[in-house]
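**Student:**
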Amino acid sequence: MTTRQRPRVAVVGSGLAGLTTAYLLTREGADVWLIDKAPRLGFHAWSVELEPANALALDLAEKRPAAGDTPAVDVPMRSFQGGYYPLLIALYRHLGLPLSPAAFTFSFASLPTGRPLDENDTYFIHSGASGVSLPSLPTQAWRSPGAFARAVLALLGVGLCYIVLLVIAFASWHGLVSAVTFGQLVDAVAARLERPLPLVRTPLGRVFKSFAADIVLPLFSAVGTMTADDVWSTRADVLLDYIHAGVGTSHYSIGGAMSARDVARLLAEPVRAQGADHVRLGTGIDGITYADDGLTLSLGDDEITVDRVVVATQASAARALLATLEPSLPKPEARRVARMRSALADVHYRDTIVVTHRDRAVLPIPEDVRDINLVQPATPDVPGDATPELASGASSAPSSPCPTPRGITPFFAPEQGYTMATHLVAPPGVEPVLQTTNPAVPIGGELLGVARLERALPLADDDTLNGLHPRRGPGEGRARVFLAGSYAYPGIPLLEGCVGSARRVVEDMLGREVRCIDWDAGRGSFAGRAWRWRRSPRAGGY
8 MTTRQRPRVA VVGSGLAGLT TAYLLTREGA DVWLIDKAPR LGFHAWSVEL EPANALALDL
68 AEKRPAAGDT PAVDVPMRSF QGGYYPLLIA LYRHLGLPLS PAAFTFSFAS LPTGRPLDEN
128 DTYFIHSGAS GVSLPSLPTQ AWRSPGAFAR AVLALLGVGL CYIVLLVIAF ASWHGLVSAV
188 TFGQLVDAVA ARLERPLPLV RTPLGRVFKS FAADIVLPLF SAVGTMTADD VWSTRADVLL
248 DYIHAGVGTS HYSIGGAMSA RDVARLLAEP VRAQGADHVR LGTGIDGITY ADDGLTLSLG
308 DDEITVDRVV VATQASAARA LLATLEPSLP KPEARRVARM RSALADVHYR DTIVVTHRDR
368 AVLPIPEDVR DINLVQPATP DVPGDATPEL ASGASSAPSS PCPTPRGITP FFAPEQGYTM
428 ATHLVAPPGV EPVLQTTNPA VPIGGELLGV ARLERALPLA DDDTLNGLHP RRGPGEGRAR
488 VFLAGSYAYP GIPLLEGCVG SARRVVEDML GREVRCIDWD AGRGSFAGRA WRWRRSPRAG
548 GY
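One point on numbering: in my numbering, the residue at position 475 of the sequence shown is 482, and numbering is uninterrupted.
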């Protein structure tokens, strides 16, 4: 491809979606400019470095120390489940990043009022291996023969309900479950289990409802950073796909003392290699206009003219940016952008707080502590009564070290319905730290960093997803504007959606498959591929 033929593309936003889009376009022969108003690449902007001081990661334009010299804690948590993240795994393997498998263990506890967690609060312990291993019993199960018997019966109930859930997830994976919310599905299954026959009544309906509320709900509240009401109102197929895809797979994190900082560096390298001005951090965009068959981005005292623009920011920022562009576009592309803006209005967010610290008061008693410790808040008397308002935009800010070593963090009131999740992190060469997402109590002790950001919720229907990627009509010419982000891909908005939407944007733009990465490298073993086979992918996915 000659220089004259090389498409000129501006990618706005440097989270994983923007970085992946810029990387793929560069590898496919485009001239790419990566632009972000933040001073650091977005994918590692919230990371907390533990050496030589409790400070944030340095800008990637500076020389990076050798791996392990400055251990970093990724914010938010960047682990991922094997079966649900095939594109992310393929990308990481292509970049040469080591993947470290981990069979995370979990503890489940209910939030007490006015006191620390004790042995009575942990009600379930999961020993990892994606549901295949035998769970342990919490400490309270050993207090008396009666407590032990109740714990064993509860364990058997969980095992039975898990099998039922796997069967339902399998059916949903193959399109055999109707379009209902997760709450509606649980009610329907519980009613069938309670009365399997007209004259037969069993306690299994109540057991299944408890399983969904006490085990499944906090897991998805933590995975998707959702409130309890969000989980109940999410489309059932979105959650069931996650369950089915993860069966028999490991969790992974980046190994070798590497972190999100290294992912961002590797993805940005080929863009930087095009020229010093091709990665522009700390650069705001005043607006975008179309003229003379090109798109001009106004960057304060400077401007860039390109052929196409990929907006890989939060939905609210994308919508505002497209509003500056739409009036100057030719009518066919203006109609397409108007549909994108309409769909962006249907993308909603939840506030999220992530605290990196060493205050063990948020953990269960030592005997019940596991890799990830989930604490359920009190349930509102009226469903949805205390759920915070939805946000259509994000106001995220980078992590900041606390102003004093004994500072008190922000937190969500328990009645707001978030599950408090605390992950034990052991960076090499430093004392282990705790990372608490959506704390339901104030955290003191040694505070290393506090991040306030927002996470997208799953889309309510496929029409919104189609609106984010509108097709061109016959004779309408080439598309000029594209959207990438975790929200612009089927399923729970996670890292997989960032990579999947980036791949889709590049393939839609170039009109051909992206072959610079072996996308099958993340699909797992033959048995795993057979388990996850289905006739066709979800709308908009791979």
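Beta carbons are placed, not taken as given, at the ideal position from N, Cα and C, and that holds for glycine.
Measuring alpha carbon to alpha carbon, tell me which residue in 315, 487, 528, 335 is nearest residue 39.
**Tutor:** Locating residue 39 in the sequence shown gives position 32, where the first residue counts as 1. Cα-wise, what sits closest to residue 39 is 315.
**Student:** When burial is assigned at 16 or more other CB atoms within 10 Å of the CB, is residue 237 buried or exposed?
**Tutor:** Here residue 237 refers to the residue found at position 230 of the sequence shown. When all chains shown are included, residue 237 counts as buried.
**Student:** Quick one, are the C-beta atoms of residue 465 and residue 202 less than 8 Å apart?
**Tutor:** Numbered from its first residue, the sequence shown carries residue 465 at position 458. Numbered from its first residue, the sequence shown carries residue 202 at position 195. No.
**Student:** On the DSSP bridge list, what partners appear for residue 442?
**Tutor:** Looking up residue 442 in the sequence shown gives position 435. 363, 430, per the DSSP bridge assignment.
**Student:** Using a 10 Å radius around the Cβ and a threshold of 16 neighbouring Cβ atoms, would you call residue 210 buried or exposed?
**Tutor:** Residue numbering aside, residue 210 sits at position 203 when the sequence shown is read from its first letter. Label assigned to residue 210: exposed.
**Student:** Have a look at residue 199 and residue 361 and give me their C-alpha separation to the nearest angstrom.
**Tutor:** In the sequence shown, the residue the question calls residue 199 occupies position 192. In the sequence shown, the residue the question calls residue 361 occupies position 354. Each residue's alpha carbon lies about 40 Å from the other.
**Student:** Any idea which residues DSSP pairs residue 222 with across the strands?
**Tutor:** Sequence index remark: in the sequence shown, residue 222 carries index 215 (1-based). The partner list for residue 222 (beta bridge, DSSP) is empty, contrary to what the question assumes.
**Student:** Please say whether residue 180 and residue 530 have beta carbons closer to each other than 8 Å?
**Tutor:** Within the sequence shown, numbered from 1, the residue matching residue 530 stands at position 523. Within the sequence shown, numbered from 1, the residue matching residue 180 stands at position 173. Cβ distance not < 8 Å, so residue 530 and residue 180 don't count as in contact.
**Student:** Skipping 5 residues on each side, what residues in its chain have a beta carbon closer than 7 Å to that of residue 483?
**Tutor:** Working through the sequence shown from its first residue, we reach residue 483 at position 476. Same-chain partners within the cutoff: 339.
**Student:** Name, in chain order, the residues that DSSP records as bridge partners for residue 108.
**Tutor:** Taking the first residue of the sequence shown as 1, we reach residue 108 at position 101. According to DSSP, residue 108 shares a beta bridge with 259.
**Student:** For residue 536, which residues from the same chain have a beta carbon less than 7 Å from its beta carbon, with the 5 sequence-adjacent residues on both sides left out?
**Tutor:** As a working mapping, residue 536 is identified with position 529 in the sequence shown. For residue 536, where only same-chain residues beyond five positions count, the Cβ hits under 7 Å are 530.
**Student:** Which same chain residues, not among the five before or five after residue 292, have their C-beta less than 8 Å away from its C-beta?
**Tutor:** Locating residue 292 in the sequence shown gives position 285, counting from the first residue. Cβ contact annotation for residue 292 (same chain, cutoff 8 Å, sequence separation greater than five): 19, 42, 44, 304, 305, 306, 328, in chain order.
**Student:** Could you check whether the segment 509-521 touches the segment 364-375, counting it as contact only if at least three pairs of C-beta atoms, one from each stretch, sit closer than 8 Å?
**Tutor:** Pairwise C-beta distances place the segment 509-521 out of contact with the segment 364-375, as fewer than three of them are shorter than 8 Å.
**Student:** Touching or not, the segment 203-222 and the segment 263-272, by the rule of three or more beta carbon pairs under 8 Å?
**Tutor:** no
**Student:** For the segment 225-282, which segments carrying the beta strand (DSSP E) assignment without a break, of at least 3 residues, lie completely within its bounds, in sequence order?
**Tutor:** 258-261
**Student:** Quick one: any contact between the segment 250-263 and the segment 81-101, if contact means 3 or more CB pairs under 8 Å?
**Tutor:** yes
**Student:** Using a 10 Å radius around the Cβ and a threshold of 16 neighbouring Cβ atoms, would you call residue 308 buried or exposed?
**Tutor:** Indexing the sequence shown from 1 puts residue 308 at position 301. By the 10 Å Cβ count, residue 308 comes out exposed.
**Student:** Measuring alpha carbon to alpha carbon, tell me which residue in 150, 239, 312 is nearest residue 191.
**Tutor:** Counting from 1 along the sequence shown, the entry for residue 191 is found at position 184. Out of 150, 239, 312, the CA that lies nearest to the CA of residue 191 is found in 239.
**Student:** Tell me, to the nearest whole angstrom, how far the beta carbon of residue 16 is from that of residue 313; I am working on the premise that it is less than 8 Å.
**Tutor:** As a first step, residue 16 must be located in the sequence shown, where it is residue number 9. As a first step, residue 313 must be located in the sequence shown, where it is residue number 306. Confirmed, about 6 Å.
**Student:** Leaving out five residues before and five after residue 392 in sequence, what residues of the same chain have Cβ atoms less than 6 Å from its Cβ?
**Tutor:** Sequence index remark: in the sequence shown, residue 392 carries index 385 (1-based). Low per-residue confidence applies at residue 392: pLDDT is 48, beneath 50, and the placement is therefore not dependable, though the value from the model is reported in the following sentence. No residues qualify anywhere along the chain.
**Student:** What is the DSSP secondary structure of residue 355, reduced to helix, strand or coil?
**Tutor:** The residue you call residue 355 lines up with position 348 of the sequence shown. If DSSP states are grouped into helix, strand and coil, residue 355 belongs with coil.
**Student:** For residue 48, which of 272, 262, 163, 127 has the nearest alpha-carbon?
**Tutor:** Against the sequence shown, residue 48 aligns to sequence position 41. Measuring from the Cα of residue 48, the nearest candidate turns out to be 272.
**Student:** If you compare alpha carbons, which of 22, 145, 248 is closest to residue 133?
**Tutor:** In the sequence shown, residue 133 corresponds to position 126, counting from 1. For residue 133, the nearest C-alpha among the options comes from 145.
**Student:** Tell me whether the segment 375-384 and the segment 421-441 touch, counting them as touching only if at least three CB pairs, one residue from each stretch, are closer than 8 Å.
**Tutor:** The segment 375-384 vs the segment 421-441: in contact.
**Student:** Can you give me the Cβ contacts of residue 175 inside the same chain, cut-off strictly under 7 Å, excluding the 5 residues immediately before and after it?
**Tutor:** Within the sequence shown, numbered from 1, the residue matching residue 175 stands at position 168. Closer than 7 Å at Cβ, skipping near neighbours: 184, 196, 247.
**Student:** Within 10 angstroms of its Cβ, does residue 37 collect 16 or more other Cβ (buried), or is it exposed?
**Tutor:** Start at 1 with the first residue of the sequence shown, and residue 37 comes out as number 30. Buried, since its Cβ has 16 or more Cβ neighbours within 10 Å.
**Student:** For residue 24, which of 516, 508, 538 has the nearest alpha-carbon?
**Tutor:** As a first step, residue 24 is located in the sequence shown; it is residue number 17 there, counting from the start. Out of 516, 508, 538, 508 has the C-alpha closest to the C-alpha of residue 24.
**Student:** Can you tell me whether residue 170 is buried or exposed, with buried defined as 16 or more other CB within 10 angstroms of its CB?
**Tutor:** Here residue 170 is taken as the residue at index 163 of the sequence shown, counted from 1. Classification for residue 170: exposed.
**Student:** With respect to the beta strand (DSSP E) encompassing residue 42, which residues constitute its N-terminal and C-terminal limits?
**Tutor:** Taking the first residue of the sequence shown as position 1, residue 42 is located at position 35. Residues 38-43.
**Student:** Leaving out five residues on either side along the sequence, give the residues of the same chain with a beta carbon under 6 Å from the beta carbon of residue 228.
**Tutor:** Counting from 1 along the sequence shown, the entry for residue 228 is found at position 221. Correct list, in chain order: 238, 426.
**Student:** Out of curiosity, what's the CA-to-CA distance linking residue 118 and residue 448?
**Tutor:** Locating residue 118 in the sequence shown gives position 111, counting from the first residue. Locating residue 448 in the sequence shown gives position 441, counting from the first residue. Distance between the alpha carbons of residue 118 and residue 448 is about 9 Å.
**Student:** Can you tell which of 232, 35, 164, 150 has the C-alpha that lies nearest to the C-alpha of residue 462?
**Tutor:** Mapped onto the sequence shown, residue 462 falls at position 455. Nearest of 232, 35, 164, 150 to residue 462, Cα basis: 232.
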